[in-house]
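Single-structure report; data block below.
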Ligand SMILES: Cc1cc2nc3c(=O)[nH]c(=O)nc-3n(C[C@H](O)[C@H](O)[C@H](O)COP(=O)(O)O)c2cc1C
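In UniProt numbering, the protein residues as written are 1 to 384.
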């Protein structure tokens with residue numbers, strides 16, 4: 001290995017005492033391949049087996065835990081104790097080379113389009129007529145909100161029993177936790193909304209619940225939290241980086257092991273996403289630099305977004321402690337081994353004619369063809 005890449009393989013100790021042996025990870029990515037009951041299929045197992053050497057931190061795609069809340073077809077879901085055994089197979093495959101198996105736990109809230117198709121119900125903090133949804137949403141009651149928090153804890157317990165090393169609370173990408181934090185989506189006036197302080201209550205209560213279950217059952221279980229640093233769509237401002245820095249401060253006072261930022265997609269985040277500046281508010285430094293400064297070493301920070309080369313990964317370490325990769329993990333699962341074995345010139349991110357070999361399911365290609373706002377895959381044929 002070229003010596004300059006050594007920083008990518010430095011150890012890192014998390015708050016729970018776990019020591020990571022490298023600074024690389026795989027981003028959470030939906031595979032759209034689960035069995036009908038949400039448990040991992042053989043295709044899920046094959047997909048992760050191929051990618052289980054990408055880095056120490058391996059994160060599954062968004063995984064729901066309440067019935068009828070899926071946002072995508074064949075999404076993973078851990079809804080009951082019967083799911084523990086099938087999920088344990090996924091944990092084993094992910095941990096095969098000593099890397100950490102982490103499940104991203106998600107409640108999609110208003111984005112539960114599959115749930116809506118199944119039951120005619122989708123729930124959100126407030127019953128707003130969202131112009132981008134083709135179905136109505138209902139306002140969550142206080143009781144339902146408390147049940148979701150309890151169920152985050154129950155899912156954590158099941159994942160511990162299934163042998164996973166950690167969970168990542170999905171507070172990003174417009175799903176329920178972000179919907180509570182967003183002034184655009186949350187118009188409540190009770191404990192769960194009304195001021196910035198109150199809009200933080202749901203994210204904080206979910207995190208406390210997950211931490212309390214984890215620390216009781218498995219003290220070295222990894223608890224991470226992912227957030228989108230800002231929510232700005234033209235006139236619609238859900239929150240700015242300044243609001244996020246206040247949430248980061250509160251989350252960092254809890255006993256989390258890492259904070260993971262999700263920076264990709266539109267706005268400033270199309271290219272060099274991991275070092276993009278905010279669209280509004282504090283633009284003195286890239287958002288990830290501002291967030292890292294706010295964390296002030298209280299937990300580790302994972303950065304991600306448009307890392308395509310080993311040099312990008314090295315550069316991204318200037319903004320966080322761990323670098324997670326999505327498109328790279330999809331397109332060249334041997335990326336990290338090629339850095340180690342001095343075969344950088346053999347890194348190949350072009351997926352043309354390699355979909356089978358890369359275990360990229362047809363359903364995932366269909367999602368791309370339908371125009372989902374995902375980072376593009378080089379060489380993917382989008383003709384219908
Ligand atoms: C196919 C696909 C599925 C994704 N699913 C998720 C997901 O389930 N949860 C999530 O937080 N982000 C998801 N993302 C976003 C990635 O985690 C990541 O933030 C994004 O791809 C940018 O990183 P990259 O440029 O290295 O790909 C997905 C991305 C892709 C390409």
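Cβ atoms here follow ideal geometry from the backbone N, Cα and C, with glycine treated the same way.
Taking all protein chains in view, the Cβ of residue 140 is crowded by 16 or more other Cβ atoms within 10 Å, so the residue is classified as buried. Remark: the shortest separation between the CB of residue 173 and any heavy atom of ligand 1 falls under 7 Å. Taking residue 238 as the centre and dropping the five residues before and after it, the same chain places the C-beta of 182, 183, 184, 185, 231 closer than 7 Å to its C-beta, in chain order. Looking from the CA of residue 58, the closest CA among 23, 70, 80 belongs to 23. If you draw a straight line from the Cα of residue 297 to the Cα of residue 134, it is about 43 Å long. Secondary structure at residue 351: coil, using DSSP grouped into helix, strand and coil. Taking 7 Å as the cut-off, one finds no heavy atom of ligand 1 near enough to the beta carbon of residue 18. Counting only residues of its own chain and dropping the five nearest sequence neighbours on each side, residue 162 has a CB closer than 6 Å to the CB of 84, 87, 88, 91. The beta carbon of residue 15 lies closer than 7 Å to those of 255, 257, 299 in the same chain, with the five residues before and after it left out. A direct Cα-Cα distance of roughly 30 Å separates residue 5 from residue 31. Cβ-Cβ separation between residue 63 and residue 106: approximately 6 Å, consistent with a contact (criterion under 8 Å).
By the criterion of a C-beta distance shorter than 7 Å, residue 250 is surrounded in its chain by 200, 204, once the five residues flanking it on both sides are discounted. DSSP places residue 168 in the strand class (E or B) of the three-state scheme. Taking C-beta atoms under 8 Å as the contact rule, residue 28 and residue 61 qualify, at a distance of about 5 Å. By the Cβ neighbour-count rule, residue 66 is buried, with 16 or more other Cβ atoms within 10 Å of its own.
If you keep only unbroken alpha helix (DSSP H) runs of at least 4 residues inside the segment 40 to 82, you get 42 to 51. Within the same chain, Cβ atoms closer than 8 Å to the Cβ of residue 212 are found at 153, the five residues on either side in sequence being excluded. A straight line joining the alpha-carbon of residue 190 with that of residue 197 spans about 12 Å.
Taking a cut-off of 8 Å for Cβ pairs, the segment 275 to 287 and the segment 312 to 332 touch, as three or more such pairs fall below it. 332 is the residue among 353, 332, 210, 352 whose C-alpha sits nearest the C-alpha of residue 345. At least 8 Å separates the beta-carbon of residue 217 from that of residue 128. The beta-carbon separation of residue 53 and residue 337, rounded to 6 Å, stays under the 8 Å limit for a contact.
A straight-line Cα-Cα distance of about 5 Å links residue 20 and residue 11. Proximity to residue 282 across 168, 42, 242, 339 peaks at 242, based on C-alpha coordinates.
In the three-state reduction of the DSSP assignment, residue 205 falls in the helix class. Its Cα nearest to that of residue 222, the residue 99 stands out among 99, 349, 325. One alpha carbon belongs to residue 350, the other to residue 71, and they sit about 28 Å apart.
The segment 267 to 305 contains, as complete alpha helix (DSSP H) runs of 4+ residues, the segments 287 to 295 (chain order).
For residue 25, the number of other beta carbons within 10 angstroms of its own is at least 16, and it is reported as buried.
The Cβ atoms of residue 226 and residue 262 lie closer than 8 Å to each other.
The Cβ-Cβ distance between residue 224 and residue 174 does not fall below 8 Å. In this structure, 157 is the residue among 178, 169, 157 with its C-alpha nearest to the C-alpha of residue 219.
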